[in-house]
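According to this note's numbering, the stretch in the sequence shown is residues 235 to 590, in order. Just so you know, even glycine gets a beta-carbon here, dropped at the ideal spot from N, CA and C. Written below as structure tokens is the structure these notes are about.
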Amino acid sequence: MLISEIGEVNLIKRLAREAYLNPKEVLVGIGDDAAVTRLPGGKVLLITKDILVEGVHFIKDCITPRQLGQKALAVNISDIAAMGGTPKHVLTAVGLTPDTEVETVEELYRGIKDLCRLHCIHLVGGDTVRSPESMIISITLLGEVEEEYLTLRSGAGVGDLIGVTGYLGASGAGLDLLLESRGRHINQIPHGGTGLDLLLESRGPLSDHWQEEVIKAHLEPPVRLEESRALSRAGMVNAMIDLSDGIVKDLEEISRASGVGARIYMDRLPVSSATRKAAQFLQRETVNYALAAGEDYELLFTLKADKYEEFRRTVVEQLNTKITIIGEIVPEEKGLKMIDEKGRERDFPPRGFIHF
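What follows is the structure, given as structure tokens:
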């Protein structure tokens, strides 16, 4: 049997079987954005790990080493944010080819340290190993949260509203724009340059900066810690997940963990004008970026419907980040549905980023 035959979700389920867990110490094991273990003083420890592999998660000539370091840590911070937590300690491991420049590694770690300083995260250790062909970056991030504010994927209830922070689809559009430019000029990328450098050189000044906006969304994802704290501490949010793989796949994760269905309204999906312009330029459907492109690293959450006005007054109006209600939770037997602009019900497309 090949892993491509069973897929990522089923592979994880098989690996999680019979893992030793003491329920007095471990509240949440494999299956959420982070593992959760108890700490003294009413807090719980959050533990998450993400691996970035060259050629799968990044292309070196499309991102600077410093941006890569920042992104590697940012995507892990996003997992801690999805649980309502605060990141505290990080360990970094890198696999490097022998011909890697020392300056490249220093810049990579400079990016990690930039984000550590910004969010008061301690870089406490890690490892370096030889990699025969490609760069590999593995981040382990530890965080904490008061147990009463812990927010899991599994808490969504029928009647909840579905909300999302920020805008959707910009990262996917930015990636496609980079790849489109790289494909046309693959032999012209300067040593140490990036796809963005080439894009700017080949197209000249950007009158609206829409290209730069969507590419930056892909290379420098948002960190929604302030929003996470506001959402989890409001006492109205039942479930939360970060949007790493796109709404289609990540809402499916909430639905599976909570035993519910969901309905989202396509005309409510928050998409920036820059993403719409990128989709038009690339001759792609804007809605596909919003639903399935992934790597937006916004927060998708469910909210008690009868608390919406209080939520709007006490949370939404206090944050500088856009928050949009895009749907509602329904009984599990109703499945996952999209409602188009004409009110027609459609099945979720079988998309979103899947490794295997």
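For Q517, the number of other beta carbons within 10 angstroms of its own is below 16, and it is reported as exposed.
When the five nearest sequence neighbours on each side are left out, the beta carbons in the same chain lying within less than 6 Å of the beta carbon of A327 are those of G360, D361 and S372, in order along the chain. Within the same chain, Cβ atoms closer than 6 Å to the Cβ of I488 are found at R387, A390, A473 and I475, the five residues on either side in sequence being excluded.
In the three-state reduction of the DSSP assignment, Y531 falls in the coil class. Distance from the CA atom of T536 to the CA atom of I396, rounded to whole angstroms, is 5 Å. In the three-state scheme derived from DSSP, where H, G and I count as helix and E and B as strand, V457 is classed as coil. The three-state reading of DSSP puts D267 in coil, since its state is none of H, G, I, E or B. Here A526 is not near L503, since their CB atoms are 8 Å or more apart.
In the DSSP assignment, F292 forms a beta bridge with E288.
Minimum Cα-Cα distance from V339 among the listed residues P299, D266, V324 and L286 corresponds to P299. In this model, Y542 and K450 are separated by some 32 Å (Cα to Cα).
In the structure shown, Y499 adopts extended strand secondary structure according to DSSP, grouped into three states. Around A315, the same chain offers R458, L459 and S462 as residues with beta carbons nearer than 6 Å, after the five sequence neighbours per side are excluded. Apart from the 5 residues on each side of it in sequence, A464 sits with its Cβ closer than 8 Å to the Cβ of V549, Q552 and L553 in its chain, given in chain order.
Straight-line spacing of the CA atoms in P583 and S368 works out to 33 Å. Exposure of P565 is indicated by the presence of fewer than 16 other C-beta atoms within 10 angstroms of its C-beta. The C-alpha of E529 lies about 25 Å from the C-alpha of H356. By the neighbour-count criterion, in which a residue is buried when 16 or more other Cβ atoms sit within 10 angstroms of its Cβ, D574 is exposed.
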